[in-house]
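S.K.:
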Amino acid sequence: MLACPLFRLDGRDSANQGKHSTFQRAIGLKCYSPTLPIVPHRYCLSSELDRHVGGNFCLYRKVIGARYYLNGYQAEEESEKIVTFRSARDSTGHGSHTASTAAGRYVNDMNYNGLAAGGARGGAPMARIAVYKTCWSSACYDVDLLAAFDDAVRDGVHILSLSLGADSPQGDYFTDAISIGSFHAVGHGITVVASVGNEGSSGSATNLAPWIITVGASSTDRDYIWHHSWKWSSPFGNLLIP
């Protein structure tokens, strides 16, 4: 739901993540995945990429829609405040990253500077992606979040993935926008999955409404080190790798 796996007009993605092959080939601002089945007509969303760029994503199969929400942002931050760009495009890479984790296609030859080579894919690689960008550089605003929930329900999505949330402790369910919006989405048969949060004391969590599936990331028990201390600075101190 946050940001999107979309590309700049010149074809370069915002985070320079290898042209996001997990979403297949980029055509303009739309991600094309020719091996996916044709999108059923009722899921072809009329979308807003920029103020003067709209379009029907039906032919592009993977990313089938994109919307963005500014009213709450403009009301809180003053309409003349500069944003990265008024668009559903991803300005930081966070939305592309989280969307690929959820629904990215299989990618071969993954590695970290030659280490940990292998393949990777999202949890549901054949799923379509509809983008609802509600957050900007300063924050996410309740008006925009609730408008996005309403549109997602109206568009007929099956699952809502929210990689966003307030800091812990969890707010009152009756005033928390994510709790309210997700409650109505679940009432329409939509599964809502939300992140447990990145802030707060150890063991704390947010997005805890009982109708939300709350998830968190785990880490590995190893570090991948590729710096040579004799040639490049190493974040691990005086370490020499043969």
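Here the sequence shown is numbered in the UniProt record's numbering, starting from 1 and rising by one per residue.
Just so it is clear, CB atoms sit at the ideal spot from N, CA and C, and this is done for glycine as well.
It should be emphasised that the depicted structure is a prediction, and the values quoted were computed from it without experimental measurement.
(1) In the DSSP assignment, find the unbroken beta strand (DSSP E) run with R67 in it and report its ends.
(2) At what residue ranges does the region 111-153 contain a whole run of the beta strand (DSSP E), taking only runs of 3 or more?
(3) Determine whether the beta carbon atoms of G119 and N108 lie at a separation below 7 Å.
(4) I need the straight-line Cα distance from N207 to L160, nearest angstrom please.
(5) Starting from A194 and walking both ways along the beta strand (DSSP E), at which residues does that stretch end?
(6) Can you find the residues in the same chain that come closer than 6 Å, C-beta to C-beta, to S204, ignoring five residues on each side of it along the sequence?
(7) What are the start and end residues of the beta strand (DSSP E) that includes S161?
(8) Look up G214 in the DSSP assignment and give the residues it is bridged to.
(9) Taking only three categories from DSSP, how would you classify D109?
(10) S202 to S218, Cα distance in whole Å?
(11) Taking Cβ positions, are S182 and T98 nearer each other than 7 Å?
(12) Would you kindly work out how many angstroms separate the C-alpha atoms of G122 and S96, rounded to a whole number?
(13) Take Q74 as the anchor and find which of A117, D142, A124, Y132 has the nearest alpha-carbon.
(14) Under the three-state reduction of DSSP, which class applies to H94: helix, strand or coil?
(15) The alpha helix (DSSP H) that contains L186, what's its start and end?
(16) Using a 10 Å radius around the Cβ and a threshold of 16 neighbouring Cβ atoms, would you call T175 buried or exposed?
(17) Under the three-state reduction of DSSP, which class applies to G203: helix, strand or coil?
(18) Determine whether the Cβ of L164 lies closer than 7 Å to any Cβ atom of chain C.
M.R.: Checking against the coordinates, here is how it stands:
(1) Walking along the sequence shown from the start, residue 67 turns up at place 67. It spans 63-68 - the beta strand (DSSP E) in which R67 sits, taken as one unbroken run.
(2) 115-120, 129-133
(3) Looking up residue 119 in the sequence shown gives position 119. Looking up residue 108 in the sequence shown gives position 108. Yes; because the gap between Cβ atoms is below 7 Å, this pair is in contact.
(4) Taking the first residue of the sequence shown as 1, we reach residue 207 at position 207. Taking the first residue of the sequence shown as 1, we reach residue 160 at position 160. The alpha-carbon atoms of N207 and L160 are separated by roughly 13 Å.
(5) Here residue 194 is taken as the residue at index 194 of the sequence shown, counted from 1. Residues 191-195.
(6) Residue numbering aside, residue 204 sits at position 204 when the sequence shown is read from its first letter. If we look at S204 and ignore the five residues flanking it on each side, its Cβ neighbours are S168.
(7) Locating residue 161 in the sequence shown gives position 161, counting from the first residue. Run containing S161: 159-162, per the beta strand (DSSP E) assignment.
(8) Against the sequence shown, residue 214 aligns to sequence position 214. A small fix is needed here, since residue 214 is Thr in this sequence, not Gly. Looking at the DSSP assignment, T214 forms a beta bridge with A194.
(9) Sequence index remark: in the sequence shown, residue 109 carries index 109 (1-based). Annotated three-state conformation of D109 is strand, per DSSP.
(10) In the sequence shown, residue 202 corresponds to position 202, counting from 1. In the sequence shown, residue 218 corresponds to position 218, counting from 1. Rounded to whole angstroms, S202 to S218 spans 14 Å at the Cα level.
(11) Taking the first residue of the sequence shown as 1, we reach residue 182 at position 182. Taking the first residue of the sequence shown as 1, we reach residue 98 at position 98. Contact: no.
(12) Within the sequence shown, the letter at position 122 stands for residue 122. Within the sequence shown, the letter at position 96 stands for residue 96. Cα to Cα, G122 sits roughly 12 Å from S96.
(13) Translated into the one-based positions of the sequence shown, residue 74 becomes position 74. Comparing Cα positions, the closest option is D142.
(14) Your numbering for residue 94 matches position 94 in the sequence shown. If DSSP states are grouped into helix, strand and coil, H94 belongs with the helices.
(15) For the purposes of this step, residue 186 is taken as residue 186 along the sequence shown, with counting starting at 1. For the sequence presented, residue 186 should be read as Val rather than Leu. Note, V186: alpha helix (DSSP H), 177-187.
(16) Sequence index remark: in the sequence shown, residue 175 carries index 175 (1-based). Exposed is the call here.
(17) In the sequence shown, counting from the first residue as 1, residue 203 sits at position 203. When DSSP states are grouped into helix, strand and coil, G203 belongs to the coil group.
(18) In the structure shown, chain C cannot be found, because there is only a single protein chain.
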